[in-house]
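What follows is a set of notes on a single structure, which appears directly below.
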Amino acid sequence: QLLITSPLFLDYPDEAHPVILTTDASKVGIGGTLQQHINGEIKNLYYHSQMTSSSQRRYDPIELEALAIWMCFQRMRPYL
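All residue numbers for the sequence shown refer to this note's numbering, where the first residue is 320 and numbers rise by one.
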């Protein structure tokens with residue numbers, strides 16, 4: 320039942336509400352979610368995750384976080 324109900328399903332964006340970009344990064348991978356808070360509920364609009372390359376694993380933590388933000392902006396540009 321958990322696999323066929325929210326929050327796993329993606330929702331369509333509502334232009335009347337602001338979007339929230341949340342990112343995270345580690346030596347293993349980077350990722351992010353784009354969400355909206357609508358009527359007290361969190362609506363998931365987009366997910367992105369990817370493994371880091373061998374060269375990216377040598378980045379400092381702050382550089383990995385910046386990379387996660389940049390990658391999510393690139394992927395989620397149509398929604399932002």
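The beta carbon of each residue, even a glycine, is placed where N, CA and C say it ideally should be.
Do residue j and residue i count as a contact pair if the criterion is CB distance below 7 Å?
{"i": "ALA387", "j": "THR352", "result": "no"}
{"i": "LEU364", "j": "PRO337", "result": "no"}
{"i": "ALA335", "j": "GLU384", "result": "no"}
Which partner residues of residue i appear in the DSSP bridge assignment?
{"i": "MET370", "result": "GLY348"}
{"i": "LEU340", "result": "LEU353"}
{"i": "GLU334", "result": "According to DSSP, which records beta bridges pairwise, GLU334 is partnered with nothing at all."}
{"i": "TYR365", "result": "LEU353"}
{"i": "GLU360", "result": "ILE357"}
Quick one: measure Cβ to Cβ for residue i and residue j, integer angstroms, because I've assumed they're closer than 8 Å.
{"i": "ARG394", "j": "HIS367", "result": "5 Å"}
{"i": "ILE401", "j": "THR371", "result": "Outside the modelled stretch of the chain, which goes from 320 to 399, sits residue 401, for which no answer is possible."}
Measuring only the C-alpha atoms, how far is residue i from residue j?
{"i": "TYR398", "j": "LYS362", "result": "13 Å"}
{"i": "SER347", "j": "ASP379", "result": "A small fix is needed here, since residue 347 is Val in this sequence, not Ser. Between VAL347 and ASP379, the C-alpha separation is close to 13 Å."}
{"i": "LEU329", "j": "ILE381", "result": "29 Å"}
{"i": "GLN375", "j": "GLU360", "result": "35 Å"}
{"i": "GLN354", "j": "SER373", "result": "30 Å"}
{"i": "ARG377", "j": "TRP389", "result": "17 Å"}
{"i": "GLN369", "j": "PHE392", "result": "14 Å"}
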